[in-house]
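Residue numbers (UniProt numbering): 1 to 290.
The beta carbon of each residue, even a glycine, is placed where N, CA and C say it ideally should be.
All figures in this text were calculated on a predicted structure; none of them were measured in a lab.
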Amino acid sequence: MTTPSQHPSDTPEPGARPAEQTYAAASPDVDVKAIAPESDDEMLVESRTADVFDADIEAKAAELAARYPQSRSALLPMLHLVQSVQGFVSQEGIAFCARQLDLSEAEVSAVATFYTMYKRRPCGQHLVSVCTNTLCAVLGGDAIYARLSEHLGSDGEKLGHEQTAGEPGDPGSITLEHAECLAACDLGPVLQVNYEYFDNQTPEQAVELVDALRRGEKPQPTRGAPLTDFKSVERQLAGFFPEADDVFRSDVDSPSQAVETLRGAQVAADRGWTAPVMPENAPLPDLEAK
Ligand code: FES
């Protein structure tokens, strides 16, 4: 039997093969073995995950599972919970989710490897995402990414996509990634730190920003909540927020609209334009029976 590593363009023969020899991974730098399902043996899974996820995380996972009529619906927030502990989705994290939600590790792995928000390698204290989609790219996003990649690199090597400057998790460590449209095209070129926006950036501003992060500072995003760190944000994405309302307001709930974003609505309001009223009973198009 040929293997993908020997003849990457050949169609693989059917049948089981070691995980590191599958075509499951989209790119050659993905560590397939690290994310591949291992055993579903319950005792083994429990002992593998117990060292990593403590009683508090177990309780939070149970709380997530109970939020949905079908517990498997809790998988996406639970993967964020896993990242809030380890800074990525490890094999233990996959096993943990599978055990909590009565899924197979293969099912969890399939979801975790589908979405780019789930990281396959440990992230830095901060995740810096530079929009290199078309509009931001032509406005300067490509130049920002290139400058940061060079600035954060070492020994003459540029920092690559999803690579980390510094030891992952250490204070001041930064994972760089290029991102597709970050839904702020009117403010491009944009970048995000831990998913908070820095609008209308230049390469020089981006370099100043990452230098401040490396010094342990937390510059205020252009809009939205104050900066924390990647793991804290992952806990929020899992659905766990500060309980005290005033802390919640100051930590999480901040104004996110921008003048540019509201300009169209303002023009419409000034001119008295309104959208057509939706009829009470809108007729639905006929669908062809299958
Ligand atoms: S193209 Fe960058 S935010 Fe849309």
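Taking C-alpha atoms, which residue in the options lies nearest to residue i?
| i | options | result |
| --- | --- | --- |
| L191 | Y118, E260, T222 | T222 |
| L227 | V259, N194, L262 | N194 |
| W273 | A165, A265, L139 | A265 |
| A59 | F88, D170, P69, C97 | C97 |
| residue 336 | S173, G87, S129 | Any question about residue 336 goes unanswered here, given that the chain covers just 1 to 290. |
| Q257 | S250, M278, D186, A282 | D186 |
| E196 | V277, A225, L262, A244 | A225 |
| T132 | G141, G124, V277 | G141 |
| T175 | L152, Q201, G156 | L152 |
| T116 | H161, G93, E92 | H161 |
| H178 | G169, P255, S129, A238 | S129 |
| Q91 | T49, D155, V247, S250 | T49 |
| M78 | P69, Y118, F114, P276 | Y118 |
| I57 | S71, L76, R120, Q100 | Q100 |
Using DSSP bridges, identify the partner residues of residue i.
| i | result |
| --- | --- |
| L287 | According to DSSP, which records beta bridges pairwise, L287 is partnered with nothing at all. |
| Q192 | S129, Y197 |
| H58 | It is Glu, not His, that sits at residue 58 in the sequence shown. DSSP, once it has assigned bridges, lists no residue as partnering E58. |
| L176 | V128, Q163 |
| S154 | E157 |
The alpha helix (DSSP H) spanning residue i covers which residue range?
| i | result |
| --- | --- |
| E92 | 91 to 101 |
| S84 | 75 to 86 |
| residue 291 | Residue 291 is absent from the structure shown; the chain starts at 1 and stops at 290. |
| K218 | First-last for K218: undefined, no H or E at that position. |
| D270 | 259 to 271 |
| residue 296 | Only positions 1 to 290 of the chain appear in this structure, which leaves residue 296 out of reach. |
| V111 | 105 to 112 |
- Query: Taking a cut-off of 7 Å, which residues have a beta-carbon closer than that to any heavy atom of the ligand FES, in chain order?
  - Reply: Those residues are C131, N133, T134, L135, C136, G141, C181, L182, A183, A184, C185, G188, P189, V190, given in chain order.
- Task: Would you check if the segment 176 to 189 and the segment 124 to 136 touch, i.e. whether three or more CB-CB distances between them fall below 8 Å?
- Result: yes
- Are at least three pairs of beta-carbons, each pair with one atom in the segment 143 to 160 and one in the segment 100 to 113, less than 8 Å apart? no
- Query: Counting Cβ pairs, one atom from each stretch, are 3 or more of them under 8 Å apart for the segment 231 to 246 and the segment 210 to 221?
  - Reply: no
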